[in-house]
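Remarks on the structure that follows.
There are 2 protein chains.
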Amino acid sequence: MKNYRSFKAALISSLALLAFTLPHFSSAAEGMWTLDNLPLAKLQSQYAYKPTGEWVKNVMLGSARLALGCSGSFVSKDGLVMTNHHCASECIEQISTAQKNYMADGFLSKSRETEVQCPAMEVNRLEDIQDVTEQVKKATAGLDGNAYKDAQNAVRAKLTSACVGGDKSATRCDLVDLYHGGRYHIYKYHRYADVRLVWAPERAAAFFGGDPDNFMFPRYNLDMSLVRVYENGKPAQVKNFFPFSKNGAEENELVFVTGHPGSTQRQLTVAQLLSLRDIRLVDGLLRLAELRGVIEQYRTSSPEAARTAEGTLFSVENSYKALYGQLQTLLDPAFMKKKQDEENALRKFITSKPALQSKTGGAWTAIEKAQNKYRALTVRMSNIEGGRALMSEYFYHARDLVRAADEKAKPNAERLPEYSDARLPELEEQILSTAPIYPEFEKVKLVFALTKMREKLGPDDAFVKQILGTASPEQLASDLIKRSTLNDPAVRKALWTGGKDAIAKSDDPFIKLAISIDAQARAIRKQYEQEVESVVQKNTELIAQALFAQSGTGAYPDATFSLRLSYGQVKGWNEAGRKIPAFTDFAGAFARETGAEPFALPSSWHAAKGKLNQAQRLNFVTDNDIIGGNSGSPMINKNGEIVGLIFDGNIHSLGGAFWFDPSINRAVAVHSNGILEALDNIYNAKDLVKEMTER
Amino acid sequence: MKNYRSFKAALISSLALLAFTLPHFSSAAEGMWTLDNLPLAKLQSQYAYKPTGEWVKNVMLGSARLALGCSGSFVSKDGLVMTNHHCASECIEQISTAQKNYMADGFLSKSRETEVQCPAMEVNRLEDIQDVTEQVKKATAGLDGNAYKDAQNAVRAKLTSACVGGDKSATRCDLVDLYHGGRYHIYKYHRYADVRLVWAPERAAAFFGGDPDNFMFPRYNLDMSLVRVYENGKPAQVKNFFPFSKNGAEENELVFVTGHPGSTQRQLTVAQLLSLRDIRLVDGLLRLAELRGVIEQYRTSSPEAARTAEGTLFSVENSYKALYGQLQTLLDPAFMKKKQDEENALRKFITSKPALQSKTGGAWTAIEKAQNKYRALTVRMSNIEGGRALMSEYFYHARDLVRAADEKAKPNAERLPEYSDARLPELEEQILSTAPIYPEFEKVKLVFALTKMREKLGPDDAFVKQILGTASPEQLASDLIKRSTLNDPAVRKALWTGGKDAIAKSDDPFIKLAISIDAQARAIRKQYEQEVESVVQKNTELIAQALFAQSGTGAYPDATFSLRLSYGQVKGWNEAGRKIPAFTDFAGAFARETGAEPFALPSSWHAAKGKLNQAQRLNFVTDNDIIGGNSGSPMINKNGEIVGLIFDGNIHSLGGAFWFDPSINRAVAVHSNGILEALDNIYNAKDLVKEMTER
């Protein structure tokens, strides 16, 4: 949990802002389409192929979502789920110890009985989509600010709770905002909380080339793992799954990616793009860069430090590179001019329609004013409510325990949405997780967080004085972590089940700290929701409707970590006049090896070199439109067979947050033939190959 | 040397670009004036005060320049020089050991005999200014690209060499570019190479509040040190010096700052501002942020690591905050619009004058095209020629030794300018310096540098492959540093005096590395000078002349680390509706203390608390126009007496690189009364007080 939650907390305020973006009208292979609104006519005309309803249903049920931020797919009737290595790495780290490091050595369960449960992994399968647009709009009609926000929270709690019904442990329901208030859907998922690791290669094979090659191509990565979902202690039996293709993907073949892209911002106003650039990208990157330096140096202090910090360092480096790519797009005057021109054209269109003008004409100014509020509030919001000031597993657990105790005592509809009934099972699983917490590394992060808090808010700020008192960040972090027992799951369980009484009696310093700042944190959040979030949301909805009026309804909505299908073809691209071929092979991996990390292949590959078909395809690129969150997505052919496994985008795909350029934006995948070749001839996992190729 | 040279190398390409900026026309207290062109009429009308020629001459001869990037002043007839603690901290660190840490404990020489020589400090005093504009212009007339650059280097070598004459060890001459080619002057300095530390307080007193308070106000810093210049083993006798004022500065008093502001960019074109923003600020800050994280974490590994990394960390944090402030200015759409409007107005003026238009009309486009070249070349330029890829004292020494051997064999006029005769004495002093080099810390920096090189150029780049081979950054850095003996001054001396033969025979791995990349490094520099530097320089000169035509000649030139005088008044400012008073006092320092670093005062202050006049002024602010490089500048009154010591600017002064806002831009100084109070009652330095108050 530590990686995701750290960054979840760090990004909370920005994401809240970014979610309110606008629908986009597509060209070429562009588009992350909801399954209930596929561009069937376009597919028919461009590729002479039209998916049937049955095909689409199978795609929905064969797709998997990893609750903490990735995609996956069912690849056998016995609940085998394929995803990326980097999507399972948290689990792989958590089940590793100083003595047995599965990240370094890889993992292969000898039989189903020895598959190892992942402490914090949850797999969801989308089962039903229900349109609730009218109910949501009715609930918020005529409201503003906090009243708008409260009404929306209440209707969300009511609808998701009704959807979950009595089956809390096996069902999860989300209210999904599409087209920025244009449509609201309830997505009902089957929830698998018992997920076990089946196979993972060595990190050296999964992430060959490491950070230097991340988001690059050509690539040679076996970035894959297999987990299995269990029900009642047995492998779950599933009807819909994607078997492996016999031949894999060929050049120019039409392929589909089904998965859960996290978020795109393709229709932000120029004012939003500027605050995104300055706050989330510039300030966010500077924080990440410094944290990266801290962790890089920390990991040189001992092998155990290297092991325990590895996952966080990966997250930091991955986010850094992704955000850096986004920033380059927003620093490009040509891109900003294009966005300004689009905005001017829409505003001009609106001016020509008096009714639309009187309703929507003020939306841009309202959003711009809200951006100024955002700029003024963001440091306090992210540090105090976002928890950035106290970044550590200890504090995040303490915050959740303290708040859950308060919130659970309220009616469902009045709670903060993250503590609504529909969300509690996932939260409980996180809080009770047996994943280890490493005090030494937590201290490193906490010292950093406290130091940055003081830097950003200033040493004379009342909140900073309240937190630090007369202590230095080092002194405070040492003291808190030495005295806390929240790293013990049993202690957390007692506080979780004990509720408000147990919380009030706790002497744990993080619990006391979380209590002492809770009122301030809630207040800044209320202010933020009143002055920024609700204003942006309402006005973005107005702009979205104007855009529909201007350009019709053949649009796909911005990504919101809900299930999407993208289509495209296997093809390379031209880079500075040089043709980048679509495929790489095993021979290329050996040719690229230097022997020094991250360009060292594991010994298993060297041992297998003789029997390996080195001409076998390993990685490839397509022009599918994907974004972060698509990691682990299956790539399938027209027959619903696996031909690849998405694990990355090329460097040009990073600007894909803001626009799609079909000439250079590429998705990067492991080739299905490469997967079978490796499982068979390197990892000797014949049973898995058999299971994955059975129909 | 380690701090400055590291950053000198890191910034070399950017600085080369930035130096070519334009003259600026002043208002209010704005302006960093050359001493031969003071705004006498304005002073007379605004303050009813007109400095005499004698006053100005005394100011020139009482001012000091610290060759590695600071200012100072002569404060007694016996060669006592006052500067900041942070300007002498390199020396203080270099004479410290694991056993005796003068940064922590402070230093006070009991008598003149025990004053300790600084291994790498040089003090310059400006003695003469000579106008050589015609000679320089004649030498470069009609030339372009490398021919232009070579001619300029040759005339610079000729003029500076003629100025130095036979007295190489005691004279230094620089060709100073003012008004961007509008005027060229030779500045002749008396050179003091024997500089000894006299007194320095504890870092805790000098830098109370540390990085959190840096560039902030109110402040409570005794950021001061005293050194003494020696000649022939005896304290140098000087005729011109600034005695301490009896009363110090009062609110609204007219005060002058004399010193060496490093560089301002107040008239860059918009295209230059954008590349400055993206390359030097965004990319530069991201690198600094990560390096900061590395060093912050490294210093927690042992007390000795903390001690040896302290100075570098200060430099990094200081640069980081300064550049971050600059970036905020360049991200401000209102500021950029102002700049665009100014540029449009000048271009419109030019269009109205056919002769000017035909000569200058293409200048902006030429500069913009050169910026695109700059963007394309900058990573290779900074890594390969700038030495960023190999950031370490070992490589910088190796580069200088290898190049000096080559260059010294050429006629003076054909050398790279940094190896011309006029510059060799300073270079020799740096290379033969006995300042310690700490292999462990150098390795940390080198691993970082190699990793970033690979990240920025890519693992498949030919230069990266040449440097790393099959090694990881860790392996290569360890190996190079283990085998090198360049940390031994005697080894460097042998290579320096042995010339090309000794270099060719050397087995030192850094020497071999420097040789192996020298041709590539020189080639990229040539390309950069041809396609970027000379184009920008020539066209900036054209724009400068157009600006003179538009606005007359009452201008001050952008800062170029040459002696300048600024005037202003003691006054606070309004911050978000709150009045910030001009003065702080000793009582405020004690009130602000928490006891934890960096808010802990040293024990000497606690011991003296009883006898200290706590109402005595400690720090204060004025609206003088200063910038980095003014650190250590004396602040004097109309009588030429010390009333303060510049050590910082407020946060609003950081945008001063690009414009001057008299309402909020403030210089921050130690008050002269606070200095005397501390020397007398905390440090018991009665002899120094006597020496500094004598006339």
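Listed in order, the protein sequences are those of chains H and S. Per my numbering, the very first residue in the first sequence carries number 217; after that it's consecutive. Per my numbering, the very first residue in the second sequence carries number 217; after that it's consecutive. Ideal placement from N, C-alpha and C gives every residue a C-beta, glycine not left out.
Under the Cβ criterion of 9 Å, Gly714 (chain S) is not counted among the residues facing chain H. Closer than 8 Å at the C-beta level to chain H, one finds no residue of the segment 522 to 533 of chain S. Within chain S, the residues placing a beta-carbon under 7 Å from that of Thr686 (chain H) are Thr810, Gly811, Ala812, ordered along the chain. For Ser517 (chain H), the chain S residues whose Cβ falls inside 7 Å of its Cβ are Ser517, in order along the chain. A contact between stretches requires three or more CB pairs, one per stretch, nearer than 8 Å, and the segment 882 to 895 of chain H meets this requirement with the segment 856 to 864 of chain H. Rounded to the nearest whole angstrom, the CA to CA distance from Met908 (chain S) to Phe290 (chain S) is 10 Å. Per the Cβ contact rule, the segment 567 to 577 of chain H is not in contact with the segment 637 to 655 of chain H (fewer than 3 Cβ pairs under 8 Å). Judged by DSSP in its simplified three-state form, Ser869 (chain S) adopts helix. Counting the other Cβ atoms within 10 Å of the Cβ of Ser292 (chain H) gives 16 or more, which makes it buried. Put simply, the backbone Cα of Leu763 (chain S) is about 11 Å away from that of Gly398 (chain S). Per the coordinates, the alpha-carbon of Ala422 (chain H) lies some 8 Å from the alpha-carbon of His302 (chain H). Per DSSP, the continuous alpha helix (DSSP H) segment holding Arg699 (chain H) begins and ends at 689 to 699.
Between the segment 476 to 496 of chain S and the segment 793 to 800 of chain S, the count of C-beta pairs closer than 8 Å stays below three; the two stretches do not touch.
When the beta-carbon positions are compared, Tyr536 (chain H) and Ala586 (chain H) stay at least 9 Å from each other. Against chain S, a Cβ distance below 8 Å from Leu507 (chain H) picks out Gly509. Proximity to Leu758 (chain S) across S:Ala621, S:Met432, S:Leu572 peaks at S:Leu572, based on C-alpha coordinates. The DSSP-derived three-state label of Met248 (chain S) is coil. Our two residues, Asp410 (chain S) and Arg619 (chain S), have alpha carbons roughly 26 Å apart in a direct line.
The three-state reading of DSSP puts Glu418 (chain S) in coil, since its state is none of H, G, I, E or B. DSSP lists S:Asp347, S:Val392 as the bridge partner or partners of His401 (chain S). For secondary structure counted as the alpha helix (DSSP H) over 4 or more consecutive residues, the segment 781 to 851 of chain H holds these complete runs in sequence order: 802 to 808, 819 to 824. Ala894 (chain S) and Asp439 (chain S) have their C-alpha atoms some 12 Å from each other.
Here DSSP, grouped into helix, strand and coil, assigns Thr299 (chain H) to strand. Rounded to whole angstroms, the separation of the alpha carbons of Trp875 (chain H) and Pro655 (chain H) is 42 Å. Taken through DSSP and simplified to helix, strand or coil, Thr387 (chain H) comes out as strand. Residues of the segment 490 to 503 of chain S that bring their beta carbon within less than 9 Å of a beta carbon in chain H comprise Leu490, Arg493, Asp494, Val498, Leu501, Leu502, Arg503, in sequence order.
Gln481 (chain H) is outside the set of residues whose beta carbon lies under 9 Å from a beta carbon in chain S. The DSSP assignment places 725 to 744 as complete runs of the alpha helix (DSSP H) inside the segment 706 to 753 of chain H, in order along the chain (cut-off: 4 residues).
For the C-beta of Pro675 (chain S), the chain H residues within less than 8 Å are, from N- to C-terminus, Gly425, Pro428, Asp429, Phe815.
Proximity to Glu658 (chain S) across S:Pro641, S:Arg341, S:Tyr514, S:Arg670 peaks at S:Tyr514, based on C-alpha coordinates.
Note on Gly784 (chain H): 16 or more other CB atoms within 10 angstroms of its CB, so buried under the neighbour-count rule. Using a CB distance cut-off of 9 Å, Pro549 (chain S) counts as an interface residue toward chain H. Here the alpha carbon of Gly500 (chain H) sits roughly 34 Å from the alpha carbon of Thr800 (chain H). Close partners of Arg604 (chain S) in chain H (Cβ separation under 7 Å) are lacking, with about 16 Å as the shortest Cβ gap.
Contact annotation: Thr528 (chain S) and Ala522 (chain S) have beta-carbon atoms that are not nearer than 9 Å.
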